[in-house]
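Residue numbers (the numbering used here): 747 to 827. Beta carbons are placed, not taken as given, at the ideal position from N, Cα and C, and that holds for glycine.
So, in structure tokens, the structure goes:
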């Protein structure tokens, strides 16, 4: 599943707008309305979203599932001895 970086994604987001560089990436991936993708904010929150609107300069995606701490090491920040 393709993944895009959306810094404004939060644990309570219901929808996001994808614009700018990430929108160009979405177009390059040739994802269309109805297709699913993964979104991340780069700080441990990921989500599964579905593209519902595709226009010339942006896309809208509806969040289907929030995945808190997806792929994060649960020992992050602790020192290993």
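- Excluding its 5 nearest sequence neighbours in each direction, residue 751 has C-beta neighbours in its own chain below 7 Å: 768, 786, 788, listed in chain order.
- Pairing residue 790 with residue 802, the inter-Cα distance amounts to about 30 Å.
- For residue 781, there is no enclosing alpha helix (DSSP H), since its DSSP letter is neither H nor E.
- Residue 807 is not a Cβ neighbour of residue 760, given a cutoff of 8 Å.
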